[in-house]
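Undergrad: Here it is, the structure in full.
Protein chains: 2
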Amino acid sequence: MTPLAAIAGRAYLQRNRELVDRLLDEYCPPVTEEPRSLHEAMRYSLMASGKRIRPILCLAAYEFCAGETASLPDGVKKAMAALEMVHTYSLIHDDLPCMDDDDLRRGVPTCHKKFGEALAVLAGDALHVVAFELMAQTGSVQAVLELTTAVGTSGMLGGQVADIEAEERQVSRAEVVNIHTRKTGALIRGSVRIGALLANASDRELSRLTSYGEKIGLAFQIIDDILDIEGDQRILGKKVGSDCKNQKATYPGAVGLDRARGDAARLVDESLSLFPESGDNILKYLARFIGQREN
Amino acid sequence: MTPLAAIAGRAYLQRNRELVDRLLDEYCPPVTEEPRSLHEAMRYSLMASGKRIRPILCLAAYEFCAGETASLPDGVKKAMAALEMVHTYSLIHDDLPCMDDDDLRRGVPTCHKKFGEALAVLAGDALHVVAFELMAQTGSVQAVLELTTAVGTSGMLGGQVADIEAEERQVSRAEVVNIHTRKTGALIRGSVRIGALLANASDRELSRLTSYGEKIGLAFQIIDDILDIEGDQRILGKKVGSDCKNQKATYPGAVGLDRARGDAARLVDESLSLFPESGDNILKYLARFIGQREN
């Protein structure tokens, strides 16, 4: 990647994180409206700083297929916000005492620490609903179905269950790949596919972008596991060592840290090689960003 | 209502409860598929006997607008199953220790009592997703949006929050009506409206059925409150006295038992008077059934 492309990539990421923050603020019900406490809890978790990588991948996939347009269609904006909302709902429920029992997330106390468990369960449920509302407002039934596939029992929720059931025992690499592909990979894959679908991508493009999403989705979670071991809590915004404490199945746990790093790098390289015809592009930048991220 | 109409009504209810049970079995992922434990928990709560009143109201509204057809369209079947799934998800989360902390539901231990809290949270989330998947498979974006309105923060979830926040204090009739209209009424209203929408009802019919849904929705929850005071646990399938124990805002608590009974009866009568042109019909039977139910 040329230095100029890296600068352009960083600017893209920064600009669109700000866009996502604005969209979330616009589409999440305001705290001035009843039920205020629920809206406050939803916004608390949603507006805490996040990488916003899922909506940005959706946007990048859309622009890759449709070309950059003067103004972004409302449907794409709504899909972007929906993806971040559904991700945030999963974090809120995942952090609950009966699940991973985490106190810190995105640099602030977790939703249940701040608002109590009942409101945290309901805030997660409510973000889940608003996500489907926004996705339906794209007008695309296919986009709604893509989201249900990503977060349903064969996707994210199935991965969360497998993750819980793999605790406290030694698991194989194949098993961790299976967990990670569903728990984290499915929503990242779905984000990319929804962007492509909203751009009316051809089957060939959709298939290529699906492979891209699968590769960077798995790489993302491998890096997550590595950062949980050797990351910096101040940069991460969540406690490190949580996986070890909870005796989670992790990729480095299955194959060791060195091979984990190597496999993540290989997945990123494979995702780059899906675009042999083009020079630098934003999808490539985002893949590299995922491979090198520190939070 | 003539004795013949009452017999026909009971048969309709019985026949379509069996239909709903078959649809839920068909559309809920099987326990032979991974994640088995999650699918088992979903099915446990879903297949425990229920009144199935929401899907049956959806069906009755559809048939009222479209006429009875030789074979029911798949979209209507899917919407019916979706409504029961979304209702069951709300019961599972509502029963959690951090919420109402109930041990018994539909005559069997609650989901978290049987499977633990983590799996209960996830089973609720998963039923929520499958509900949206089925609703999207009707092909009607409008039906999906109707469901999000019914269960979102201005509907069911908002009502649950208001319900929690009203605990342990005296509330006015207006406040209880507001809570009940959202907590229970919104999904019953939505069930009726979705049936009408799938039948391409005219604006006039949709508006009339919306009034019907609102009236019987509120009546349903008033009766629920009354049954929690003087119902039979063996018939109800859940513990009585739960509202009192949890110091919930109830309609009889606000206005007394006698007036509560009178107001429920009046709401049922008003719902019947919305159909002055027809003799007995199933919607009228269902309204009376809601007014007289013992579980």
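Each protein sequence line maps, in turn, to chains A and B. Mapping the first sequence onto our numbering, position 40 (from 1) lands on 801, and the numbers just tick up by one. Mapping the second sequence onto our numbering, position 85 (from 1) lands on 846, and the numbers just tick up by one. We put the beta carbon where it would ideally sit given N, CA and C, even for glycine. It should be emphasised that the depicted structure is a prediction, and the values quoted were computed from it without experimental measurement.
I want to see whether chain A comes within less than 9 Å of residue 723(B), judged by CB atoms only; does it?
TA: This structure does not reach residue 723(B), given that chain B is present from 762 up to 1056, and the question cannot be answered.
Undergrad: Note down, one range per segment and in chain order, each alpha helix (DSSP H) of at least 4 residues found wholly within the region 821 to 896 of chain B.
TA: Qualifying alpha helix (DSSP H) stretches, in chain order: 835 to 856 and 872 to 876.
Undergrad: Check the Cβ of residue 859(B) against every Cβ in chain A and list those closer than 7 Å, keeping chain order.
TA: Taking the first residue of the second sequence as position 1, residue 859(B) is located at position 98. Near residue 859(B) (Cβ distances below 7 Å), the residues of chain A are 878, 879 and 882.
Undergrad: Touching or not, the region 833 to 850 of chain A and the region 946 to 966 of chain A, by the rule of three or more beta carbon pairs under 8 Å?
TA: Contact holds: three or more Cβ-Cβ distances are below 8 Å.
Undergrad: Among 782(A), 824(A), 924(A) and 1015(A), which has the Cα closest to the Cα of residue 798(B)?
TA: Walking along the second sequence from the start, residue 798(B) turns up at place 37. Checked all of 782(A), 824(A), 924(A) and 1015(A); the closest Cα to residue 798(B) is 924(A).
Undergrad: Kindly indicate which residue of 853(B), 884(B), 1036(B) and 901(B) has the alpha-carbon position closest to the one of residue 959(B).
TA: Against the second sequence, residue 959(B) aligns to sequence position 198. The shortest Cα separation from residue 959(B) among 853(B), 884(B), 1036(B) and 901(B) belongs to 901(B).
Undergrad: Determine whether the beta carbon atoms of residue 1054(A) and residue 1033(A) lie at a separation below 9 Å.
TA: For the purposes of this step, residue 1054(A) is identified with residue 293 of the first sequence, where counting begins at 1. For the purposes of this step, residue 1033(A) is identified with residue 272 of the first sequence, where counting begins at 1. Not closer than 9 Å, so no.
Undergrad: Sorted by chain position, which residues of the same chain lie with C-beta nearer than 7 Å to residue 785(B)'s C-beta, five sequence neighbours on each side aside?
TA: Indexing the second sequence from 1 puts residue 785(B) at position 24. Once the five neighbours on either side are set aside, the close Cβ partners of residue 785(B) are 807, 808, 842 and 845.
Undergrad: Suppose you measure from the CA of residue 880(B) to the CA of residue 796(B); what does that come to, to the nearest Å?
TA: Taking the first residue of the second sequence as 1, we reach residue 880(B) at position 119. Taking the first residue of the second sequence as 1, we reach residue 796(B) at position 35. Roughly 11 Å separates the two Cα atoms.
Undergrad: Are there 16 or more other CB atoms within 10 angstroms of the CB of residue 909(A), so buried, or fewer, so exposed?
TA: Residue 909(A) sits at position 148 when you count from the first residue of the first sequence. Residue 909(A) is buried by the Cβ-count criterion.
Undergrad: Measuring CB atoms only, is the region 968 to 977 of chain A touching the region 996 to 1013 of chain A, in the sense that at least three cross pairs come out at less than 8 Å?
TA: Verdict: no, contact absent.
Undergrad: Around the Cβ of residue 896(B), are there at least 16 other Cβ atoms within 10 angstroms (buried) or fewer (exposed)?
TA: Numbered from 1 along the second sequence, position 135 holds the residue referred to as residue 896(B). Flag for residue 896(B) reads buried.
Undergrad: With distances taken Cα to Cα, identify the nearest neighbour of residue 811(B) among 973(B), 781(B) and 787(B).
TA: Reading the second sequence from its first residue, position 50 is the one you call residue 811(B). That would be 781(B), whose Cα lies nearest to the Cα of residue 811(B).
Undergrad: Using a 10 Å radius around the Cβ and a threshold of 16 neighbouring Cβ atoms, would you call residue 762(A) buried or exposed?
TA: Looking up residue 762(A) in the first sequence gives position 1. With fewer than 16 other Cβ atoms within 10 Å, it is exposed.
Undergrad: Counting only runs of 4+ residues fully inside the region 980 to 1004 of chain A, write out the alpha helix (DSSP H) ranges in chain order.
TA: 994 to 997, all fully within the region 980 to 1004 of chain A.
Undergrad: Which residue from 790(B), 791(B) and 816(B) puts its Cα closest to that of residue 776(B)?
TA: Here residue 776(B) refers to the residue found at position 15 of the second sequence. Residue 816(B) is the option with its Cα nearest to residue 776(B).
Undergrad: Just to confirm, is the Cβ distance from residue 953(A) to residue 920(A) under 9 Å?
TA: Sequence index remark: in the first sequence, residue 953(A) carries index 192 (1-based). Sequence index remark: in the first sequence, residue 920(A) carries index 159 (1-based). Not in contact: residue 953(A) and residue 920(A) (Cβ atoms no closer than 9 Å).
Undergrad: Under 9 Å, Cβ to Cβ, is there at least one residue of chain A near residue 848(B)?
TA: Working through the second sequence from its first residue, we reach residue 848(B) at position 87. Not an interface residue.
Undergrad: Taking 9 Å as the CB-CB limit, is residue 827(B) close to chain A?
TA: In the second sequence, the residue the question calls residue 827(B) occupies position 66. No, because no Cβ of chain A sits closer than 9 Å to the Cβ of residue 827(B).
Undergrad: Determine whether the beta carbon atoms of residue 899(A) and residue 828(A) lie at a separation below 9 Å.
TA: One-based indexing of the first sequence puts residue 899(A) at position 138. One-based indexing of the first sequence puts residue 828(A) at position 67. For residue 899(A) and residue 828(A), no; Cβs fall outside 9 Å.
Undergrad: May I ask which residues mark the beginning and end of the alpha helix (DSSP H) holding residue 762(B)?
TA: As a first step, residue 762(B) must be located in the second sequence, where it is residue number 1. Looking at the DSSP string, residue 762(B) is not in any alpha helix (DSSP H), and its letter there is neither H nor E.
Undergrad: Quick one: residues in its chain with C-beta nearer than 7 Å to the C-beta of residue 903(A), no 5 flanking neighbours on either side, listed in chain order?
TA: The residue given as residue 903(A) occupies position 142 in the first sequence. Cβ within range, chain order: 958.
Undergrad: Whose C-beta lies closer than 7 Å to the C-beta of residue 792(A) among residues of the same chain, with five residues either side of it excluded?
TA: Against the first sequence, residue 792(A) aligns to sequence position 31. Closer than 7 Å at Cβ, skipping near neighbours: 800, 801 and 804.
Undergrad: In angstroms, rounded to a whole number, what distance separates the CA positions of residue 928(A) and residue 937(A)?
TA: On the first sequence, position 167 is the one that residue 928(A) refers to. On the first sequence, position 176 is the one that residue 937(A) refers to. Their backbone Cα atoms lie some 11 Å apart in a straight line.
Undergrad: Name the residue from 1056(A), 1052(A), 1047(A) and 1051(A) whose alpha carbon lies nearest to the alpha carbon of residue 821(A).
TA: As a first step, residue 821(A) is located in the first sequence; it is residue number 60 there, counting from the start. Ranking the options by Cα distance to residue 821(A), first place goes to 1047(A).
Undergrad: Residues in the region 925 to 953 of chain A with C-beta within 8 Å of chain B's C-beta atoms, listed in sequence order?
TA: Cβ contacts with chain B come from 925 and 926.
Undergrad: Using a Cβ-Cβ distance cut-off of 9 Å, determine whether residue 1032(B) contacts chain A.
TA: Within the second sequence, residue 1032(B) is the residue found at index 271, counting from 1. Closer than 9 Å: no.
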